[in-house]
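Enquirer: Sequential numbering from 93 applies to the sequence shown in this note's numbering.
The C-beta atom is built at its ideal place from N, Cα and C for all residues, glycine as well.
Just dropping this structure here.
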Amino acid sequence: MKPAERAWGRSRWRPPRRALLPLQLLTMADLETPSGGAALLRALQRDGLALLRAPPPLAPAVSRCLAVCRDFFALPAAEKARHGAGPGSGQQHGYMSMLDDGGSECLELKLCHDAAFEWPPRLQRAAAAAVRALLGAARRALEAVAAALGMRRAYVAALLDDAGASVRLEEASHSAARVWCYTRGVRSGWHADNTLLTVAPRGTAVGLRCRLLDGRRASTPRECVYPEKLMEPDQLVVFAGDALSYLSGGRVPALVHEVIPPVCNDHPRLSMPFFLRARRAAVLEPQAASPHITDPRVRSLPPLRVSDLEANVRNVRMSWFWKQDGMGYYDCCEWHPDEK
Ligand SMILES: O=C(O)CCC(=O)C(=O)O
Ligand SMILES: [Fe+2]
Numbered sequence: 093m094k095p096a097e098r099a100w101g102r103s104r105w106r107p108p109r110r111a112l113l114p115l116q117l118l119t120m121a122d123l124e125t126p127s128g129g130a131a132l133l134r135a136l137q138r139d140g141l142a143l144l145r146a147p148p149p150l151a152p153a154v155s156r157c158l159a160v161c162r163d164f165f166a167l168p169a170a171e172k173a174r175h176g177a178g179p180g181s182g183q184q185h186g187y188m189s190m191l192d193d194g195g196s197e198c199l200e201l202k203l204c205h206d207a208a209f210e211w212p213p214r215l216q217r218a219a220a221a222a223v224r225a226l227l228g229a230a231r232r233a234l235e236a237v238a239a240a241l242g243m244r245r246a247y248v249a250a251l252l253d254d255a256g257a258s259v260r261l262e263e264a265s266h267s268a269a270r271v272w273c274y275t276r277g278v279r280s281g282w283h284a285d286n287t288l289l290t291v292a293p294r295g296t297a298v299g300l301r302c303r304l305l306d307g308r309r310a311s312t313p314r315e316c317v318y319p320e321k322l323m324e325p326d327q328l329v330v331f332a333g334d335a336l337s338y339l340s341g342g343r344v345p346a347l348v349h350e351v352i353p354p355v356c357n358d359h360p361r362l363s364m365p366f367f368l369r370a371r372r373a374a375v376l377e378p379q380a381a382s383p384h385i386t387d388p389r390v391r392s393l394p395p396l397r398v399s400d401l402e403a404n405v406r407n408v409r410m411s412w413f414w415k416q417d418g419m420g421y422y423d424c425c426e427w428h429p430d431e432k
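Quick look at the structure:
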């Protein structure tokens, strides 16, 4: 043993855990302070993602929801199909099977469902607790980032109108959790989410792979990170999607990521990312959000309806100047089938 190692072994001092992480780790209390918000923004800009220690009720609520969902996914296909609601004003939600092409299936659990949606038995209460906890954390993270960006608080709040279930669905925020079941171990494909922010507890197995931003070209594993390898059960990974990226005029990049689920049909990987989205009818206006921005490229960004961003009309999500920098970070991105 070398002397330095012996000294280390005797010392009672241990480096703080966050020093071991290549990723920024924040608490909910950090988000209440300007320096915490600035640290989250810096991490989203530098790495593309950050870790957030969630409030104590979150982890048990998510585990309970995943346990009920696991039972649901084990049901016969015809029974599961009864709990899907096709695209409509509230968008597709409930059960969706992509087993034939993507090898996965999921339950999209929204805050507001349209009348066609029938909850799977036992799921509603477990899902509501988990979704509410994830929504709370995601909103706090968004408020903190928006404040650090100097965005108008009232503008951002108005994008997220989560009024009760009786509202018109087009006018309601369609934030949602997706419980994914990667039944056949097929990779999801690289993509950026269409969200303002995505927050996700770790899945039941490691599978999420993210392109680190300063890696830029993501062709080698060294430039990617599997955040779930670093995460504790009470932590969330937080990253931006294209809606926040647009609203910030590219100051916050949307994280490029994919899922490489383990191939194990008996114990498929389950995950529960939460997508914080604006109302579908809302219009994203970078200048209105941040009137102090003088960059002419940002000032010339036209207002963009959330539903157009989500439908990726005329490939709008690849047209923005910060995606044209030639560095390849956004290369090879695919859109989810329901976003085409
Ligand atoms: O399953 C996961 O961990 C993430 C899924 C994902 O990236 C998505 O639904 O957009
Ligand atoms: Fe995603």
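My output table needs one value for C302: the three-state DSSP class, helix, strand or coil.
Expert: The residue you call residue 302 lines up with position 210 of the sequence shown. DSSP places C302 in strand when its eight states are reduced to three.
Enquirer: Classify R294: buried if its beta carbon has 16 or more other beta carbons within 10 angstroms, exposed otherwise.
Expert: Counting from 1 along the sequence shown, the entry for residue 294 is found at position 202. When all chains shown are included, R294 counts as buried.
Enquirer: Considering only their Cβ atoms, is the gap separating V351 from L300 smaller than 7 Å?
Expert: Counting from one through the sequence shown, the residue named residue 300 turns up at place 208. Counting from one through the sequence shown, the residue named residue 351 turns up at place 259. Yes. Within cutoff.
Enquirer: Does the distance from the C-beta atom of V154 to that of R214 stay below 7 Å?
Expert: Position 62 of the sequence shown, counted from the first residue, corresponds to residue 154. Position 122 of the sequence shown, counted from the first residue, corresponds to residue 214. No, the Cβ-Cβ distance between V154 and R214 is not below 7 Å.
Enquirer: What separation, rounded to the nearest whole angstrom, lies between the Cα atoms of E324 and M364?
Expert: Taking the first residue of the sequence shown as 1, we reach residue 324 at position 232. Taking the first residue of the sequence shown as 1, we reach residue 364 at position 272. As the crow flies, the alpha-carbon of E324 is around 15 Å from that of M364.
Enquirer: Can you check the segment 346-388 for any alpha helix (DSSP H) of at least 4 residues that lies completely inside it and give the ranges in chain order?
Expert: 378-381
Enquirer: Touching or not, the segment 119-133 and the segment 228-240, by the rule of three or more beta carbon pairs under 8 Å?
Expert: yes
Enquirer: What do you reckon, is the C-beta of V329 under 6 Å from a heavy atom of ligand 4?
Expert: Absent from the structure shown: ligand 4. Ligands present: ligand 1 and ligand 2.
Enquirer: Nearest-angstrom Cα distance between A332 and R303?
Expert: Locating residue 332 in the sequence shown gives position 240, counting from the first residue. Locating residue 303 in the sequence shown gives position 211, counting from the first residue. Spanning the two alpha carbons is a distance of roughly 13 Å.
Enquirer: By how many angstroms is the C-alpha of E200 removed from the C-alpha of V223?
Expert: The residue given as residue 223 occupies position 131 in the sequence shown. The residue given as residue 200 occupies position 108 in the sequence shown. Approximately 11 Å, taken between the alpha carbons.
Enquirer: Helix or strand or just coil, what does DSSP make of E210?
Expert: If you number the sequence shown from 1, residue 210 lands on position 118. The answer is coil: DSSP assigns E210 none of H, G, I, E or B.
Enquirer: With a Cβ-Cβ cutoff of 7 Å, do L143 and L115 count as a contact?
Expert: Here the question's residue 143 lines up with position 51 in the sequence shown. Here the question's residue 115 lines up with position 23 in the sequence shown. Yes, these two residues count as a Cβ contact at 7 Å.
Enquirer: Along the chain, where does the alpha helix (DSSP H) that runs through Y187 open and close?
Expert: Numbered from 1 along the sequence shown, position 95 holds the residue referred to as residue 187. If you look at Y187, you'll find it isn't in any alpha helix (DSSP H); it sits in the beta strand (DSSP E) that goes H185 to M190.
Enquirer: I'd like to know if the segment 269-279 and the segment 327-341 are in contact, where contact means that at least 3 CB-CB pairs between them fall below 8 Å.
Expert: No, they do not touch.
Enquirer: Give the secondary structure of P152 by DSSP, where H, G and I count as helix, E and B as strand, and everything else as coil.
Expert: Within the sequence shown, the letter at position 60 stands for residue 152. Of the three classes helix, strand and coil, the one that applies to P152 here is helix, per DSSP.
Enquirer: Y247 by DSSP, collapsed to three states: which one?
Expert: Position 155 of the sequence shown, counting from 1, holds the residue named residue 247. Three-state result, Y247: helix.
Enquirer: Using a Cβ-Cβ cutoff of less than 7 Å, which residues in the same chain neighbour A257 once the five nearest sequence positions on both sides are dropped?
Expert: What you label residue 257 is simply residue 165 of the sequence shown in a count that begins at 1. Residue confidence for A257 is low, a pLDDT of 42 falling below 50, so the modelled location carries little weight; the figure read from the coordinates is stated next. These residues qualify, in order along the chain: C204.
Enquirer: Does R416 pass the burial test, meaning 16 or more other C-beta atoms within 10 Å, or should it be called exposed?
Expert: Along the sequence shown, read from residue 1 onward, the residue named residue 416 stands at position 324. Residue 416 is actually Gln in this sequence, not Arg. That one is exposed.
Enquirer: Round the Cβ separation of G194 and S280 to the nearest angstrom and send it over; I've been treating them as touching at under 8 Å.
Expert: Here residue 194 is taken as the residue at index 102 of the sequence shown, counted from 1. Here residue 280 is taken as the residue at index 188 of the sequence shown, counted from 1. Rounded, the Cβ-Cβ distance is 7 Å, consistent with contact.
Enquirer: When you measure from the CB of G295 to every non-hydrogen atom of ligand 1, does any distance come out below 6 Å?
Expert: Here residue 295 refers to the residue found at position 203 when the sequence shown is read from its first residue. Checking the 6 Å criterion, the Cβ of G295 is within range of a heavy atom belonging to ligand 1.
Enquirer: Tell me the DSSP secondary structure of E197 in three-state form.
Expert: Here residue 197 refers to the residue found at position 105 when the sequence shown is read from its first residue. DSSP places E197 in strand when its eight states are reduced to three.
Enquirer: Let me see if you follow: with CB-CB separation under 7 Å, is Y187 close to chain B or not?
Expert: Protein chains in the displayed structure number just one, and chain B is not present.
Enquirer: Please confirm whether W414 and G342 have their CB atoms less than 7 Å apart.
Expert: Counted from its first residue, the sequence shown places residue 414 at position 322. Counted from its first residue, the sequence shown places residue 342 at position 250. For W414 and G342, yes; Cβs fall inside 7 Å.
Enquirer: If you reduce the DSSP assignment to three classes, tell me which class W414 lands in.
Expert: Along the sequence shown, one-based indexing puts residue 414 at 322. It is helical.
Enquirer: Please confirm whether any heavy atom of ligand 2 lies closer than 6 Å to the CB of D334.
Expert: As a working mapping, residue 334 is identified with position 242 in the sequence shown. Outside the cutoff, so no.
Enquirer: Between which two residues does the beta strand (DSSP E) harbouring R270 extend?
Expert: Position 178 of the sequence shown, counted from the start, is the residue given in the question as residue 270. Run containing R270: A268 to Y274, per the beta strand (DSSP E) assignment.
Enquirer: Going by C-alpha distance, which of L347, R138 and L362 is nearest P354?
Expert: Working through the sequence shown from its first residue, we reach residue 354 at position 262. Comparing Cα-Cα distances from P354 to each of L347, R138 and L362, the minimum goes to L362.
Enquirer: Could you check whether C198 and R270 sit closer than 7 Å to each other, using their CB atoms as the reference points?
Expert: Indexing the sequence shown from 1 puts residue 270 at position 178. Indexing the sequence shown from 1 puts residue 198 at position 106. Yes. Within cutoff.
Enquirer: Tell me whether the beta-carbon of L226 lies closer than 7 Å to the beta-carbon of V278.
Expert: Within the sequence shown, numbered from 1, the residue matching residue 226 stands at position 134. Within the sequence shown, numbered from 1, the residue matching residue 278 stands at position 186. Their beta carbons are not under 7 Å apart, which means L226 does not touch V278 by this criterion.
Enquirer: Using only the heavy atoms of ligand 2, determine whether one of them is closer than 6 Å to the beta carbon of D285.
Expert: Counting from one through the sequence shown, the residue named residue 285 turns up at place 193. Result yes, Cβ under 6 Å from ligand 2.
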